[in-house]
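Participant: Have a look at the structure that comes next, please.
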Amino acid sequence: AAETGKCPVILVDDVLTTGATAAHSVLVLASLGVRADLVLVFANA
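Per our numbering, the sequence shown starts with residue 56, numbered consecutively.
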């Protein structure tokens, strides 16, 4: 397994409506010591 902070992290979300899910996911990752380098969204509702 990769050590925390040793590789880029891309968070992928299928649809962005309010951004709440993506924002919460970034916070959860941060609480685990992982930084999301990019949030990629496929569609905007």
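Using N, Cα and C, we set each Cβ at its ideal position, and we do this for glycine too. Bear in mind that the values here come from a model prediction, so they are computed numbers and not experimental data.
Please tell me whether residue 89 and residue 64 are closer than 7 Å, where the distance is taken between their beta carbons.
Facilitator: In contact: residue 89 and residue 64 (Cβ atoms closer than 7 Å).
Participant: In three-state terms, what does DSSP make of residue 94?
Facilitator: strand
Participant: Short check: CB of residue 98 to CB of residue 70, under 7 Å?
Facilitator: yes
Participant: Does DSSP put residue 66 in a helix, a strand or coil?
Facilitator: strand
Participant: Is the beta carbon of residue 68 sitting closer than 7 Å to the one on residue 78?
Facilitator: no
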